[in-house]
Amino acid sequence: MGSISVACYKPKAGCEQALLELVRNHLPPLRSEGLVTERPSIVMRAADGTIVEVFEWVSPEAIAGAHHNPAVIALWKRFEAVCSYETPSSLPEFQNMFSHFEPI
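Take a look at the structure:
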């Protein structure tokens, strides 16, 4: 059974375009490693500019395996160069009963 993940990426100053490009190309490398499903991701922007991505891992084991996969670690390092990872609860939108975001 899959596992839906909500990832929040706050772009570093001047890095929003680079972050958007990474998010647009995030899933193909994970798919080639057999870690995420074919389900399309949902990508949106919070009012503070944080990019929120919702996607599906193949399984909890795939998530655990990603932490030891060289291709994934290299991808995560590229993300860390252009953003910080945020928890969904840090975004004001997630404090509302119904959260609304700008679609990307």
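Position 30, counted from 1, in the sequence shown is what numbering that gives the first Met the number 0 calls 29; the numbers after and before it change by one each time, with no gaps.
Glycine residues also receive a C-beta, built at the ideal position from the N, C-alpha and C atoms.
Note down, in chain order, each residue of its chain lying with its Cβ closer than 7 angstroms to the Cβ of residue i, except the 5 sequence neighbours on either side.
{"i": "Ser98", "result": "Glu92"}
Given a cut-off of 9 angstroms, decide if residue j and residue i are closer than it, judged by their beta-carbon atoms.
{"i": "Ala61", "j": "Leu34", "result": "yes"}
What would DSSP say about residue i, mapped onto helix, strand or coil?
{"i": "Glu101", "result": "strand"}
{"i": "Ser4", "result": "strand"}
{"i": "Ser89", "result": "helix"}
Between residue i and residue j, what straight-line distance do the alpha-carbon atoms span, to the nearest angstrom?
{"i": "Cys82", "j": "Val71", "result": "16 angstroms"}
{"i": "Arg23", "j": "Ile41", "result": "10 angstroms"}
{"i": "Ala73", "j": "Ser2", "result": "22 angstroms"}
{"i": "Glu101", "j": "Glu15", "result": "15 angstroms"}
{"i": "Thr49", "j": "Pro59", "result": "25 angstroms"}
Tell me which same chain residues have a C-beta within less than 6 angstroms of the C-beta of residue i, skipping the five on either side of it?
{"i": "His67", "result": "none"}
Label residue i either buried or exposed according to how many other C-beta atoms from any shown protein chain fall within 10 Å of its C-beta, with 16 as the threshold for buried.
{"i": "Ile103", "result": "exposed"}
{"i": "Pro10", "result": "buried"}
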